[in-house]
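Residue numbers (UniProt numbering): 1 to 224.
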Amino acid sequence: MHKGEILGLTGLVGAGRSETMNAIFGLAPPLGGQILLEGKELKNRSTTQAIASGIVMVNEDRKRYGLCLMRSLRENISLPNLRARQKKIIVNQKREKRECAQYAKEMTVKSAGLEIEALSLSGGNQQKVVLAKWLMANPKVLILDEPTRGVDVGAKAEIHTQICKLAARGIAVIMISSELPEIMGMSDRILVYHEGRINGEILRKDILSGAVTQETILAKEFGQ
């Protein structure tokens, strides 16, 4: 894929979308193939290696994998980014607070401050905190697994806007979604998974022209 592209992945539950992304992010060992970034092969055997190479992932279960709910927003945003910003064992707390505030503002997080617990936020604002955390990591590739699951309509629109802004900055976005209207509306290109394999590639121009419909994609999801 290219810089600034939004690549949508769709398919039935268990088709292999999340499994593929987990392997790329170092959450699970790949069964085969190569992971290439800017022409170089990556062997992401851990999430730490993936993050260091510029790949980050927003998991579909943000409360379990994306946030420390009993910790402050500042801690949640800065935690995976401290190593890159510390000198030996010293962390510049003024810089930490300033940068956390900057990225929370960019992601339009609505809260009473950075020191409140993540647990106190709405689902939409929790998701924006996760996005702020990974934006602070300056990623090259952002993987989003069901990014708007469990949020209200207003928050969904805001998250869509932020995703488009991130792509406009040159970040390559891979978005998994079970909602066909979302994946069709957001993606520059769509890959359809069926039983662990890619069963079709769809371009945005074909959706806009009406050549591809939801029924077309559903048929590919079922292996037709």
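All C-beta atoms, glycine included, are put in the ideal place defined by N, C-alpha and C.
Practice task
Pull up the CB-CB distance for Glu106 and Leu135, whole angstroms please, since I reckon it's below 8 Å.
Solution key: 7 Å
Handout entry: Option nearest Leu142 by Cα separation, candidates Asn92, Gln162 and Gln102
Key = Gln162
Problem - Endpoints, the alpha helix (DSSP H) within which Val130 is located - result: Gly123 to Met136
Handout entry: Terminal residues of the alpha helix (DSSP H) in which Thr20 lies
Key = Arg17 to Ile24
Handout entry: Rounded straight-line distance, which links the Cα of Gly113 to that of Arg204
Key = 40 Å
Exercise for the section: Say whether the stretch 26-43 touches the stretch 203-217, bearing in mind that this needs 3 or more beta-carbon pairs closer than 8 Å, one atom from each stretch. Expected result: no
Handout entry: Short Cβ contact (9 Å threshold) for Ala132 with Tyr103
Key = yes
Exercise for the section: Determine the closest residue to Ser72 out of Gly150, Val130 and Gly185, with distance taken between C-alpha atoms. Expected result: Val130
Problem - Spatial distance of Ala155 from Asn125 (CA atoms) - result: 8 Å
Exercise for the section: Drop a sphere of 10 angstroms on the beta-carbon of Gly185, count the other beta-carbons inside from all chains shown, and report buried for 16 or more, exposed for fewer. Expected result: exposed
Practice task
Kindly identify the DSSP beta-bridge partner or partners of Gln86.
Solution key: Val91
Practice task
Could you have a look at Arg189 and say whether DSSP puts it in helix, strand or coil?
Solution key: strand
Handout entry: Residue range of the unbroken beta strand (DSSP E) whose run includes Arg197
Key = Arg197 to Leu203
Exercise for the section: Return the Cβ separation of Val192 and Gly11 in integer angstroms, given the expectation that the two are a contact with Cβ distance under 8 Å. Expected result: 6 Å
Handout entry: Ile163: first and last residue of the uninterrupted alpha helix (DSSP H) it sits in
Key = Val153 to Ala168
Problem - For Gly54 and Leu79, believed in contact at Cβ under 8 Å, the rounded distance - result: Actually they are not in contact, since the Cβ atoms of Leu79 and Gly54 sit about 18 Å apart, beyond 8 Å.
Practice task
Enumerate, from N- to C-terminal direction, the unbroken alpha helix (DSSP H) stretches of 4 or more residues contained entirely within the stretch 33-68.
Solution key: 47-53
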